[in-house]
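Residue numbers (the working numbering), protein chains in the order written: chain X, 415 to 684; chain Y, 197 to 284.
This is how it looks when you write it as structure tokens:
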């Protein structure tokens with residue numbers, strides 16, 4: 415079954431682009447044919463997160479305006495088979511594309527790809543409406559903060575108003591140490607409020623910044639806790655049953671001792 | 197013995213603040229009433245009830261609650277005397 419998934423959040427800066435990039439790469443690594451679309455017209459960033467910024471020739475707006483063929487604008491990711499990115503235009507604005515054009519674009523992409531992943535811009539205006547137009551379902555990214563969860567709740571309402579099925583949730587920037595101290599809402603707190611299915615928890619870890627510096631999504635690094643989190647998410651998105659590791663368990667004597675000795679950074683235990 | 201309470205219960209958890217603020221926020225987002233409008237509604241309701249019974253104004257509780265399928269307006273209005281004042 416071919417599927418278009420939009421990655422959205424409402425609030426900016428919670429990790430939509432990182433999530434879209436890792437999910438797309440994860441799916442491609444699992445043998446799927448994937449097209450990942452940057453729908454943030456005017457503020458494109460997916461190309462940078464994927465490390466493909468130097469290979470852009472054409473963009474999404476040029477495709478919908480008929481200036482080039484879809485195939486010409488798609489950039490093939492050489493790191494894994496079956497992964498293509500469609501960049502956003504940097505010099506246009508969100509009104510350059512209509513929801514109908516996006517629907518058509520997604521339909522065209524589905525002809526040659528198993529998954530179309532859309533990286534949605536922040537906000538609830540035109541860019542959001544365009545991103546959601548061709549989507550079959552949505553994944554909402556939030557962080558364990560009041561403002562991000564508030565916006566996620568609003569977006570859940572809008573997604574359902576667009577007659578998409580109940581969206582899935584990714585909790586990003588989870589900090590086990592803070593959760594254990596009671597200084598961060600835990601997964602149950604967040605699920606109680608948002609009441610949608612959880613598809614993954616991504617720890618707050620420096621790997622995210624390192625992978626962004628390099629333009630190499632963490633999911634390529636099997637040793638990275640962030641990469642592992644995105645691998646689990648990829649599996650769940652493909653419909654597999656993947657167990658959630660117990661992020662909130664208080665570490666035993668040995669891990670407490672190691673932390674105390676400075677042998678492992680506190681956040682590494684997530 | 198505040199220090200003793202603190203010792204037993206530990207530091208108040210900031211996530212509980214986050215959660216309760218968030219819950220209230222979402223209810224208000226859903227209902228789309230400003231705190232001023234909420235206050236006005238509360239005063240008008242109290243005014244109507246006061247025409248019939250004498251109520252304890254200082255201990256009126258008035259809040260929106262998130263229920264399974266929507267939002268409920270929950271209010272506790274202590275009555276001092278049930279004698280109808282305005283009835284005659």
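We put the beta carbon where it would ideally sit given N, CA and C, even for glycine.
For residue 271 of chain Y, the enclosing beta strand (DSSP E) covers residues 266 to 272.
Within the same chain, 426 come within 6 Å of residue 536 of chain X by CB-CB distance, once the 5 residues on both sides are set aside. Within chain X, no residue has its beta carbon less than 9 Å from that of residue 246 of chain Y; the closest one is some 36 Å off. If you draw a straight line from the Cα of residue 462 of chain X to the Cα of residue 629 of chain X, it comes to about 6 Å. Annotation for residue 499 of chain X: 438, 449, 450, 451, 452, 460, 461, 464, 466, 488, 489 and 491 place their beta carbon closer than 8 Å to its own, counting only its chain and skipping 5 residues before and after. Residue-level contact check: residue 260 of chain Y does not touch chain X, since none of the beta carbons of chain X fall below 8 Å from its beta carbon. Contact annotation for residue 560 of chain X against chain Y: 214, 217, 218 and 221 [CB-CB distance below 8 Å, chain order]. Beta-bridge partners assigned by DSSP to residue 482 of chain X: none are found.
Our two residues, residue 221 of chain Y and residue 214 of chain Y, have alpha carbons roughly 10 Å apart in a direct line. Three or more beta-carbon pairs drawn from the region 497 to 515 of chain X and the region 470 to 482 of chain X are found closer than 8 Å, and the two stretches are therefore classed as touching.
In this model, residue 440 of chain X and residue 260 of chain Y are separated by some 43 Å (Cα to Cα).
Counting of Cβ neighbours within 10 angstroms places residue 418 of chain X among the buried residues, the total reaching 16 or more.
Going by DSSP, residue 263 of chain Y is part of the beta strand (DSSP E) stretching over 257 to 263. By the Cβ criterion, the region 564 to 571 of chain X is not in contact with the region 584 to 596 of chain X, since fewer than three pairs of Cβ atoms, one from each stretch, lie closer than 8 Å.
Within chain X, no residue has its CB atom less than 9 Å from the CB of residue 238 of chain Y, the nearest being about 24 Å off.
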